[in-house]
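Colleague:
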Amino acid sequence: MTAPHIVTRTLTEAIAYPEHDPRTESAEYRKVHHHLVYELDEPCWICGQRQSQNPPRLHNETHHAVLEWALCGAADPAKILATFPIMGEATEPALRQWLDSESNMLVLCPMHHRGAMYGIHSITYPAWVAQRYFHDDYDLATGLAKENR
Numbered sequence: 005m006t007a008p009h010i011v012t013r014t015l016t017e018a019i020a021y022p023e024h025d026p027r028t029e030s031a032e033y034r035k036v037h038h039h040l041v042y043e044l045d046e047p048c049w050i051c052g053q054r055q056s057q058n059p060p061r062l063h064n065e066t067h068h069a070v071l072e073w074a075l076c077g078a079a080d081p082a083k084i085l086a087t088f089p090i091m092g093e094a095t096e097p098a099l100r101q102w103l104d105s106e107s108n109m110l111v112l113c114p115m116h117h118r119g120a121m122y123g124i125h126s127i128t129y130p131a132w133v134a135q136r137y138f139h140d141d142y143d144l145a146t147g148l149a150k151e152n153r
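Each step along the sequence shown adds one to the number in the working numbering, with nothing skipped, and position 116 is 120.
1. Between the alpha carbons of V11 and Y137, how many angstroms are there, rounded?
2. Where in the region 110–141 do unbroken runs of the alpha helix (DSSP H), each at least 4 residues long, occur, reported from the N-terminal end onward?
3. Give the secondary structure of A31 by DSSP, where H, G and I count as helix, E and B as strand, and everything else as coil.
4. Sort G119, L99, A78 by Cα distance to S107 and report the nearest one.
5. Please determine, among A94, A78, A7, the residue with the shortest C-alpha to C-alpha distance to I19.
6. If you run the structure through DSSP and keep just helix, strand and coil, what is H9?
7. Mind the definition here: the region 27–35 touches the region 56–63 only if three or more C-beta pairs lie below 8 Å; say whether that holds.
8. Taking only three categories from DSSP, how would you classify A74?
9. Beta carbon of A94, beta carbon of L85: below 8 Å?
10. Between Y21 and L71, is the Cβ-Cβ spacing less than 8 Å?
11. Who does T66 pair with in a DSSP beta bridge?
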């Protein structure tokens, strides 16, 4: 039996983003974000925190789950269509429309979106996704019960 322990590692990541315009929120993204976060009050995919449970000025966020906006120019629409037939057709316009649709979005609380030790933009996917299945009192970064961190 291995004793409880913390593994510390440094991740070096190199991503070649294709040329793209600066990111702006599309009308579709704004609509989908508002629908998921405020109208449906969908919970954070990891911890279950809903917007309605947040203190003032803390807002749940939406994350492009399968394909990030900046990598869209490198994506083959036929490969996306094969996995997501809801896209309709294997064209660049259909891909751009699907990109900001509900089928490519996860609702995340700020900690599980951008948090330094817990967010999908900060840690490896295997560690990030495992948080969804932990006991409620287990903290990924410390191993301590959350009330003791």
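Here a beta-carbon is modelled for each residue, glycine too, at the ideal position from N, C-alpha and C.
Modeller: So, from the data block:
1. 19 Å
2. 114–118, 129–134
3. helix
4. L99
5. A78
6. coil
7. no
8. It is helical.
9. yes
10. no
11. In DSSP, T66 forms a bridge with V111.
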